[in-house]
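So the structure is just underneath, and the comments pick up after that.
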Ligand code: AMP
Ligand code: ZN
């Protein structure tokens with residue numbers, strides 16, 4: 111059941127003792143980096159004064175902006191000759207940020223991914239198709255090495271080329287896939303076009319869904335369409351990448367691997383901790399990184415902690431689904447909305463197809479929100495009354511979820527551009 115039983119099921123006191131030991135080491139290492147040396151001295155923080163895990167709060171947060179300003183070497187605490195790989199965030203806005211990894215870093219990260227995949231039931235007999243972009247993005251190589259170490263057969267098909275993906279699944283007996291949820295939905299169109307039934311004609315049994323926010327309704331839709339079990343996988347390149355938090359076979363929240371990361375949840379406005387169960391911004395501290403450890407890194411991702419122990423026996427705390435990034439939120443007619451709320455409402459309606467986009471505009475009547483929704487092929491009939499009825503149902507379902515009334519446009523299946531990477535759900539034309 112467990113990849114590393116001792117660590118995964120360690121009593122909390124032991125886990126916290128391990129965290130403290132690793133934190134001492136990490137903070138000592140970090141003080142060798144130009145950035146932290148300066149930060150510590152500005153904050154009057156002395157690494158040797160760290161006595162308990164609570165003392166971590168005396169260290170200031172590290173932000174994305176700090177990482178940008180420290181590009182490329184100011185966070186590095188080993189010589190470049192000790193580094194073996196560089197990864198970067200997939201972010202499309204702002205200046206690029208990079209993370210350097212030593213061989214030890216890659217090994218530790220790989221173990222976390224093997225552990226995560228093993229917890230869902232993946233085994234050496236599985237054939238694993240990794241449909242994520244390979245390269246600077248961490249979803250490709252991270253899972254690749256983890257699955258190899260687990261002992262599965264890895265097909266590094268990478269992102270895109272949908273027909274070839276299906277060809278491989280069908281002819282090489284793929285049983286496990288790693289896929290971006292929006293792509294999992296749009297790939298269904300290619301399955302239909304190829305006349306291949308994702309439930310009957312391929313042998314898939316597990317999917318890892320990650321890299322972007324997605325709702326429980328989307329998970330169910332993927333599970334039903336493909337006939338498999340889907341597990342939520344979370345990570346960010348600043349904390350290595352995937353393998354920060356992962357669902358176990360219980361599918362009830364994601365275990366944060368607390369031997370490798372210290373998790374804090376804070377109020378994004380005040381920086382103060384929020385109680386368990388309450389939503390806040392996730393803040394992570396590396397505990398096992400050699401090349402470039404980050405302390406109290408503000409992820410911008412919003413979620414909450416499930417404090418109850420998991421029936422699987424793992425003692426590492428679980429987090430909820432990620433609601434989105436603080437910066438994903440948009441404000442329309444004074445109401446705060448996350449794209450994930452729209453996604454959740456839409457995916458609960460069976461007639462809704464596999465893609466949608468939210469368009470924000472401003473005219474003389476103020477801000478307008480339009481949700482353009484592809485209709486499921488089976489429901490896209492010429493029956494105008496049925497379509498008008500569906501449009502009204504979508505509008506009222508959305509209104510009750512986001513508290514503003516959107517305009518709803520129904521579109522033919524496959525009329526919106528399909529994405530192979532993270533989906534861009536919002537087109538905000540208000541600034542133009
Ligand atoms: P990157 O730094 O390019 O690896 O992107 C990491 C970001 O992707 C995270 O900070 C999250 O905003 C998002 N992300 C990754 N996995 C998930 C997930 N399972 N659910 C929601 N968002 C995710
Ligand atoms: Zn569990």
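In our numbering, the protein residues as written are 111 to 542.
Even for Gly, the Cβ is constructed at its ideal location relative to N, Cα and C.
Every value quoted in this text rests on a predicted model; they were computed, and no experiment measured them.
Beta-carbon spacing of residue i, residue j below 8 Å
| i | j | result |
| --- | --- | --- |
| residue 267 | residue 313 | no |
| residue 275 | residue 297 | yes |
| residue 457 | residue 328 | yes |
| residue 129 | residue 368 | yes |
| residue 365 | residue 428 | yes |
| residue 414 | residue 390 | yes |
| residue 351 | residue 192 | no |
| residue 392 | residue 372 | no |
| residue 239 | residue 290 | no |
| residue 536 | residue 504 | no |
| residue 119 | residue 399 | no |
| residue 178 | residue 207 | yes |
| residue 210 | residue 186 | yes |
| residue 265 | residue 237 | yes |
| residue 540 | residue 497 | no |
| residue 160 | residue 133 | yes |
| residue 543 | residue 477 | Residue 543 falls outside the range modelled here, since the chain spans only 111 to 542, and no answer is possible. |
Cβ distance (whole Å) where residue i is taken to contact residue j below 8 Å
| i | j | result |
| --- | --- | --- |
| residue 359 | residue 332 | With 8 Å as the limit, residue 359 and residue 332 do not qualify as a contact, their Cβ atoms being about 17 Å apart. |
| residue 481 | residue 462 | Wrong, their Cβ atoms sit about 10 Å apart, outside the cutoff. |
| residue 526 | residue 467 | 6 Å |
| residue 229 | residue 356 | 7 Å |
| residue 507 | residue 515 | Actually they are not in contact, since the Cβ atoms of residue 507 and residue 515 sit about 11 Å apart, beyond 8 Å. |
| residue 449 | residue 438 | 6 Å |
| residue 172 | residue 404 | 5 Å |
| residue 394 | residue 538 | Residue 394 to residue 538, Cβ: 29 Å. No contact. |
| residue 435 | residue 169 | Not a contact, Cβ separation roughly 23 Å. |
| residue 253 | residue 223 | 6 Å |
| residue 71 | residue 377 | A query on residue 71 cannot be resolved here, the shown segment of the chain reaching from 111 to 542 and no further. |
Of the residues the options, the one placed nearest residue i, counting alpha carbons only
| i | options | result |
| --- | --- | --- |
| residue 217 | 412, 130, 199 and 255 | 255 |
| residue 341 | 133, 362 and 350 | 362 |
| residue 316 | 322, 330 and 325 | 330 |
| residue 138 | 156, 261 and 420 | 156 |
| residue 270 | 244, 280, 423 and 261 | 244 |
| residue 181 | 153, 196 and 253 | 196 |
| residue 464 | 335, 321 and 168 | 335 |
| residue 528 | 262, 165, 292 and 337 | 292 |
| residue 433 | 421, 453, 426 and 417 | 453 |
| residue 533 | 323, 273, 212 and 307 | 323 |
| residue 227 | 257, 199, 387 and 188 | 257 |
| residue 140 | 494, 379, 184 and 378 | 184 |
| residue 411 | 253, 123 and 354 | 354 |
| residue 235 | 219, 263, 375 and 451 | 263 |
| residue 311 | 277, 376 and 319 | 277 |
| residue 460 | 487, 167, 225 and 194 | 487 |
| residue 214 | 199, 223, 194 and 490 | 194 |
| residue 318 | 409, 231 and 447 | 231 |
| residue 303 | 167, 309 and 272 | 272 |
Residue-level contact to chain B via CB, residue i, 8 Å cutoff
| i | result |
| --- | --- |
| residue 355 | This model lacks chain B altogether; it includes just one protein chain. |
Any residue with its Cβ nearer than 6 Å to a heavy atom of the ligand ZN should be included. What is that list in chain order? 358, 360, 365, 420, 422 and 424
Do the segment 341-357 and the segment 242-250 make contact, defined as three or more Cβ pairs closer than 8 Å? Enough Cβ pairs lie closer than 8 Å, so yes.
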